[in-house]
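Chains as they are written, first to last, in the working numbering: chain A, 1 to 238; chain S, 239 to 476. Input: a single structure, listed below in structure tokens.
2 protein chains.
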Amino acid sequence: MKRIAVVEDEPLMREELSLMLRKAGYETIEISEFNHVTKQLEEISPDLVVLDLNLPRVSGFQICREIKGRSPFPVLVLTSRDQMKDELHALELGADEYLTKPCRRERLLARVSNVLKRYEGRANLLEGPGFLLDRQTYTLYINNSSTVLPKNQGKLLETFLARSDRTAAKDELCTALWGTTEFIDENALQVNLTRLKKTMAGLGMKQKIIPVRGVGYRLENEEEPDWGKDMFRNKEDP
Amino acid sequence: MKRIAVVEDEPLMREELSLMLRKAGYETIEISEFNHVTKQLEEISPDLVVLDLNLPRVSGFQICREIKGRSPFPVLVLTSRDQMKDELHALELGADEYLTKPCRRERLLARVSNVLKRYEGRANLLEGPGFLLDRQTYTLYINNSSTVLPKNQGKLLETFLARSDRTAAKDELCTALWGTTEFIDENALQVNLTRLKKTMAGLGMKQKIIPVRGVGYRLENEEEPDWGKDMFRNKEDP
DNA sequence: CAAAACCTTTCATGAGCTGTAACTGTTTTC
DNA sequence: GAAAACAGTTACAGCTCATGAAAGGTTTTG
């Protein structure tokens, strides 16, 4: 049974939505705490997110963007504001569907089933910046072409995508590759990273894997340094 | 540049749509002969089809179904009738988007770019009955899981999907595998078919490969003989 | 049943993924 | 600026797995 997360602040509306979906044979999870929506969603791992745009205190747009940037599940955006601007914005952010409420039961259900159908079998596609990675087969989709990565290269790339800041420590990478962090063979990791880099370059990918000294590696988009976080560098005692 | 096929009978509307899309940076191909739409589309191989539902003499629904049943490109359904029935029907048939005209320029363009974005990198996904096959990597998507088929098994499955009746002669299959029909190694073909069958069974696929004695093989859905489509046999045939 | 067509299993070959090892290059630290 | 720590590369041998050949089994047809 497909699971649908309903992100909506107004209790009545939430209940109604949930009921409607449940009657149609879906399992629903209602989210009413909006401070860590993406985190909650990642734990739930639903097949679809129905997202209300105007939540209290947090931007629905922001949530939508976060979801599409990190997680593989589709988003149906719902809003009471019948503004073109909202729709365009939401679609730009990668929402998979857009509906204004109130809307008829059949229309909602049709859209829901349509989105779910479109995602059939694609539940395991991880979205990276500008490419897609199949979690199971490590098939990499980029530039209208696809390649099956060798298992190890796939695991490495997957590990990067799983971290929200795209930075992975060496032992995390080793764990991903060999399931153990105990006796890390640094060199073997190096070799596999080199291979991944070569593959990525060969595919014309602009993303780079750069070292984070003493820590691990980060998958970066193009040239952007992304060094804001260095403000917190560890300082020795004065 | 993305290519969009516009299937619309009313010349004014067609011209307007086409112009709008071209201004937005797409290449457009206008289709105004509606007897062999799917065939034309297969030759054009567009990135997206914008399909008007009420065409003269042919059912837009039927065209939509045919496209989704055979070809890998997305369909945006457009109709002047603002009827819920149409929308639901179209979505059931697998349309990727639905809009009613007249509709605002921005809305259309947003939906178009949204659909195209969703299909990014998926241009090579062939749709079979109940599964998807990546033409390049032979990654098979079914039941929310994916597998990479060995090259030969992939080629065989691809060959079946390429034939509209899902029937392929032995020499066609041999050509697909080894590029030559000259010295057919019947046995090698057999072995590869056996392997494909085993793989499919292992994945729980209900489709069967059945022999067509003296000819070749057919990929069939479940038990159904699949002869229902004959209702739509071309009447112009002698 | 007998022939033809179709199917399956087994085995050696070869391509490509993998970790090891030896080596080179770069950055940090004093 | 030199040593040390860290990072990156290349070559190679072992292993896994897809593949085609061979050989024998099963089903269909008349």
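For each residue, glycine too, the CB sits at the ideal point set by N, CA and C.
Within chain S, the residues that residue i reaches when beta carbons sit closer than 9 Å
i, result
"D171(A)", "Here the premise fails: no neighbours, minimum Cβ distance about 29 Å."
For residue i, the nearest candidate out of the options (CA to CA)
i, options, result
"K428(S)", "G440(S), A407(S) and L399(S)", "Sequence inspection shows Gln at residue 428(S); the Lys mentioned does not correspond to that position. The candidate whose alpha carbon is nearest that of Q428(S) is A407(S)."
"C412(S)", "I422(S), T405(S), D403(S) and R404(S)", "I422(S)"
"V198(S)", "I448(S), A400(S) and N352(S)", "Because chain S spans 239 through 476 in this model, residue 198(S) falls outside it and cannot be assessed."
"K85(A)", "R343(S), K435(S) and E365(S)", "R343(S)"
"L331(S)", "L291(S), V244(S), L431(S) and P340(S)", "L291(S)"
"T375(S)", "P284(S), G452(S), L387(S) and G366(S)", "L387(S)"
"L431(S)", "L395(S), Y357(S) and R451(S)", "L395(S)"
"S318(S)", "L371(S), Y336(S), R356(S) and M258(S)", "Y336(S)"
"K277(S)", "G263(S), S309(S) and L259(S)", "S309(S)"
"I282(S)", "R356(S), G298(S), E365(S) and V245(S)", "V245(S)"
"E16(A)", "K101(A), Y119(A), E42(A) and D171(A)", "K101(A)"
"R57(A)", "N221(A), R218(A) and D9(A)", "D9(A)"
Chain-ordered chain A contacts of residue i [CB-CB under 8 Å]
i, result
"L326(S)", "E106, R107 and A110"
"Q391(S)", "Within chain A, no residue comes near Q391(S); the closest Cβ sits about 14 Å away, beyond 8 Å."
"R356(S)", "D96 and R118"
"L329(S)", "A110, R111, S113 and N114"
Residue i burial status per 10 Å Cβ neighbour count (16 or more: buried)
i, result
"A426(S)", "exposed"
"Q207(A)", "buried"
"C302(S)", "buried"
"T139(A)", "buried"
"P11(A)", "exposed"
"T28(A)", "buried"
"M239(S)", "exposed"
"P211(A)", "exposed"
"Q62(A)", "exposed"
"V453(S)", "exposed"
"G154(A)", "buried"
"R349(S)", "buried"
"L257(S)", "exposed"
"E186(A)", "exposed"
"D165(A)", "exposed"
"S146(A)", "buried"
"H36(A)", "exposed"
Residue i: contacting residues in chain A (beta-carbon distance under 9 Å)
i, result
"R433(S)", "Residues of chain A passing the Cβ test: none, with the nearest at roughly 18 Å."
DSSP state of residue i mapped onto helix, strand, coil
i, result
"A348(S)", "helix"
"L457(S)", "strand"
"A5(A)", "strand"
"E271(S)", "coil"
"E248(S)", "coil"
"G263(S)", "coil"
"T240(A)", "This structure leaves residue 240(A) out entirely; chain A is present only between 1 and 238."
"T413(S)", "helix"
"S71(A)", "coil"
"S256(S)", "helix"
"N144(A)", "coil"
"I63(A)", "helix"
"V296(S)", "coil"
Beta-carbon neighbours of residue i, restricted to chain S and to distances below 8 Å
i, result
"N124(A)", "N382, S383 and S384"
Heavy atom of the ligand GDP within 7 Å of residue i beta-carbon
i, result
"E304(S)", "For the ligand GDP, the structure offers nothing, since it holds no ligand at all."
Pull out every residue of the segment 369–380 of chain S whose Cβ sits closer than 8 Å to any Cβ of chain A, in chain order.
-> F369, L370, D372, Q374, T375, T377, Y379 and I380
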